[in-house]
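Asker: First residue of the sequence shown: 1, per the UniProt record's numbering; consecutive thereafter. Cβ coordinates follow ideal geometry from the N, Cα and C atoms, glycine included. This structure is a prediction, so every number in the text was calculated from the model and none was measured. Provided herewith is a single structure, encoded as C-alpha cells, for subsequent inquiry.
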Amino acid sequence: MMFFRTVNSVSFIALILFPLMLLATANLVVRFLPMTAAKEEQVVRLGVLNLGSASVLHLGHDHGIFQEHGINLEVITFETAQQVAIAVASGQADIGVAGITAGLYNLAGQNKLKVIAGSIREREGWPANAYLISNKLWNSGIRHPSELKNVSFGVTDIGSTPHYMMAMLSEKYNLGLLKEERLIPLGSIVAMKSALASGRIDSVVLPEYIAHQLEGSGQGHIIGYVGDETPWQIAGIFASSKILKSRRVIVKKFLAASLDSARLYRKYFINESHDSSSDFENEKVKSAITIGKFIKPALNAEEVIRYPVYIDANGELDTESIRKQIKWYQDNNMVKKGINLLNVIDDELIKPLQKG
C-alpha cells in the first residue's frame with residue numbers, strides 16, 4: 001500500500017526547539033493509491049515537497065521502479081525543505097528529498113541524518129529557479145538581478161534555499177541584501193507568492209514554473225535565473241541515522257530506485273538521445289502528465305515539458321558546493337562551528353556516485 005500525507009506549515013523556530021511538535025500538531029490529509037502488498041520492513045516513509053525534485057521519484061514510482069526494487073513508499077509532503085529535514089531527524093520520515101538547508105546541516109552535525117545522494121542542481125542553462133520582482137520595482141526600471149540593490153526579499157525560512165540563493169546573488173553583485181530588515185521570512189512558497197503579488201516584498205526566488213505563472217497573471221516579473229548567476233547543489237537525498245544503521249540494505253535499494261527514476265526523467269525531459277519518434281513523444285507526454293499531477297500548483301503536460309530541471313543521472317553530489325554552503329552558514333551564525341562535509345554525508349554511499 002502507498003499513501004500520501006500532507007503536513008501544513010509550522011513555525012520553523014518552534015520545530016527547531018520542539019521537533020516532536022511536528023508529530024503532535026500536524027494537520028494530515030491522507031489519500032490512498034493502489035499498490036501490491038509488500039512486507040512491512042520494505043516500507044519507506046519519504047518526506048518531500050510538491051516540487052521538481054520529488055516529482056522525479058513520483059515518476060519512478062508510477063513506472064513501477066520502486067516496486068521492482070522491493071520498496072513501498074509512504075509519501076509525506078511538507079511546505080518547506082527545513083520541515084522535511086526535521087521530519088527525517090525526528091523519525092516522522094525515514095528519507096527526505098528536498099533542498100539542502102542550514103537546518104539540515106545542523107541536524108547532520110547532531111548525527112540525526114546524512115546526505116546519501118545529490119538531487120536537483122542549479123546549472124547554467126537549466127533554470128530551476130527564477131528571480132522575480134514586484135510590479136513596483138519593474139516599473140522603476142529594474143531588469144537584471146545585478147540591479148537589486150537594498151531591496152527586500154521574501155524567503156520561506158531563515159537558512160532556507162531561497163535565503164541562500166539571494167545571499168549568493170547579493171555577494172556576487174554587492175547588493176546589501178543580507179541586512180536583517182531586508183530579509184522577510186514568510187513560512188511557505190504560497191506566502192511568498194502572495195507577498196510579491198501584493199507588493200509587500202520587492203523580490204523572491206521561486207521555481208521557474210511558478211515564476212512564469214505569476215508573470216503570466218501580471219503579478220510579478222522574471223529578471224533572471226539562479227542557474228545562470230550562481231550554480232549550486234540545491235537539493236539532495238538524505239536519510240535518518242536510524243534507518244542507515246538498522247535498515248541499510250533498504251536504503252541502498254531506495255537509492256538504486258531513485259537513480260533509476262532520475263535516468264528515466266532524463267530520458268524523457270533531457271533527451272540526450274534526441275529521440276523524436278512518435279512512441280517516444282507519447283511516452284514523454286504520459287510521463288509529463290504524471291509529474292504535473294504531483295507538483296503543486298498542478299501543471300499540464302506542456303508546462304512540465306517546458307520547464308525541466310537538471311538532475312545528475314548517477315546521483316552525484318557537488319561536494320565543493322556543499323563545503324561552500326556549510327562555510328557560508330557558519331560565517332553567518334546559522335550552522336554550528338565544527339560541522340564539516342564528513343559530518344553531513346554518508347561517505348560509503350556517496351563515494352560510488354562521484355565521478356572520477
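(1) According to DSSP, E122 sits in a beta bridge with which residue or residues?
(2) If we ignore side chains and look at the alpha-carbon of each, how far apart do V44 and Y225 end up?
(3) Please say whether L342 and G315 have beta carbons closer to each other than 9 Å?
(4) Tell me which same chain residues have a C-beta within less than 7 Å of the C-beta of R123, skipping the five on either side of it?
(5) Under 8 Å, with one C-beta from each stretch per pair, do the region 70-89 and the region 126-138 reach the 3-pair mark?
(6) With DSSP as the reference, label R263 as helix, strand or coil.
(7) Classify V155: buried if its beta carbon has 16 or more other beta carbons within 10 angstroms, exposed otherwise.
(8) Taking the C-alpha atoms as reference points, what is the distance between K114 and A239?
(9) Do residue 364 and I350 have their C-beta atoms closer together than 9 Å?
(10) Do you know offhand how far A288's Cα is from N300's?
(11) Please work out which residues of its chain come closer than 6 Å, Cβ to Cβ, to L46, disregarding the five sequence neighbours upstream and downstream, and give them in chain order.
(12) By how many angstroms is the C-alpha of S277 removed from the C-alpha of T36?
(13) Give me, in chain order, the residues of the same chain whose beta-carbon lies closer than 6 Å to that of A54; leave out the 5 immediate sequence neighbours on both sides.
(14) Taking C-beta to C-beta, are V205 and L175 nearer than 9 Å?
(15) Candidates D331, G216 and I326: which alpha carbon is nearest I339's?
(16) Taking only the alpha-carbon atoms, compute the straight-line gap between E181 and R200 and give it to the nearest angstrom.
(17) Going by beta carbon distance, what residues of the same chain come within less than 8 Å of G125, once the five residues before and after it are set aside?
(18) From the DSSP output, in three-state form, read off I250 for me.
(19) Pick from G91, L57 and N50: whose alpha carbon is nearest that of F78?
(20) Write down every uninterrupted run of the beta strand (DSSP E) in the region 195-235 whose length is 3 residues or greater and which is fully enclosed by it, in chain order.
(21) Counting only runs that start and end within the region 38-71, where is the beta strand (DSSP E) found for 3 or more residues in a row?
(22) Given this structure, state the Cα-to-Cα distance separating N139 from P297, to the nearest angstrom.
(23) Note down, in chain order, each residue of its chain lying with its Cβ closer than 6 Å to the Cβ of L259, except the 5 sequence neighbours on either side.
(24) Starting from the C-beta of V252, find all residues in its chain whose C-beta is less than 8 Å away, skip the five residues before and the five after it, and write them out in chain order.
(25) Please classify Y268: does DSSP put it in a helix, a strand, or coil?
(26) Could you work out which residue in D157, G52 and N135 is closest to L104 when comparing CA atoms only?
(27) Would you report the Cα separation of L169 and D62, rounded to the nearest angstrom?
Answerer: Let's see:
(1) The partner list for E122 (beta bridge, DSSP) reads W232.
(2) Distance between V44 and Y225, taken at the CA atoms: about 34 Å.
(3) Taking 9 Å as the cut-off, the Cβ atoms of G315 and L342 do not count as close.
(4) Excluding residues within five positions, the ones whose Cβ falls inside 7 Å are G227, P231 and Y310.
(5) Counting Cβ pairs under 8 Å, fewer than three are found: no touch.
(6) DSSP places R263 in helix when its eight states are reduced to three.
(7) By the neighbour-count rule (16 or more Cβ atoms within 10 Å), V155 is buried.
(8) K114 and A239 have their C-alpha atoms some 6 Å from each other.
(9) The first residue shown for the chain is 1 and the last is 356, placing residue 364 beyond what the model contains.
(10) For A288 and N300, the distance between alpha carbons rounds to 8 Å.
(11) So the qualifying residues of the chain are L73, V75 and I95.
(12) Because the pLDDT of T36 is 43, which lies under 50, any placement of that residue in the model is unreliable, and the question is left without a value.
(13) Excluding residues within five positions, the ones whose Cβ falls inside 6 Å are V48 and V97.
(14) Their beta carbons are not under 9 Å apart, which means V205 does not touch L175 by this criterion.
(15) Across the set D331, G216 and I326, the C-alpha of I326 shows the shortest separation from the C-alpha of I339.
(16) Rounded to the nearest angstrom, the gap between the Cα atoms of E181 and R200 is 13 Å.
(17) Excluding five sequence positions before and after G125, the CB atoms of its chain that fall closer than 8 Å to its own CB belong to G227 and D228, given in chain order.
(18) Here I250 sits in helix by DSSP.
(19) Closest by C-alpha distance to F78, out of G91, L57 and N50, is N50.
(20) Correct list: 203-207 and 221-225.
(21) The region 38-71 contains, as complete beta strand (DSSP E) runs of 3+ residues, the segments 43-48 (chain order).
(22) Taking the straight line from one Cα to the other gives about 28 Å.
(23) Contacts found: G315.
(24) A small fix is needed here, since residue 252 is Lys in this sequence, not Val. Around K252, the same chain offers L349 as residues with beta carbons nearer than 8 Å, after the five sequence neighbours per side are excluded.
(25) When DSSP states are grouped into helix, strand and coil, Y268 belongs to the helix group.
(26) Minimum Cα-Cα distance from L104 among the listed residues D157, G52 and N135 corresponds to D157.
(27) One C-alpha to the other measures close to 37 Å.
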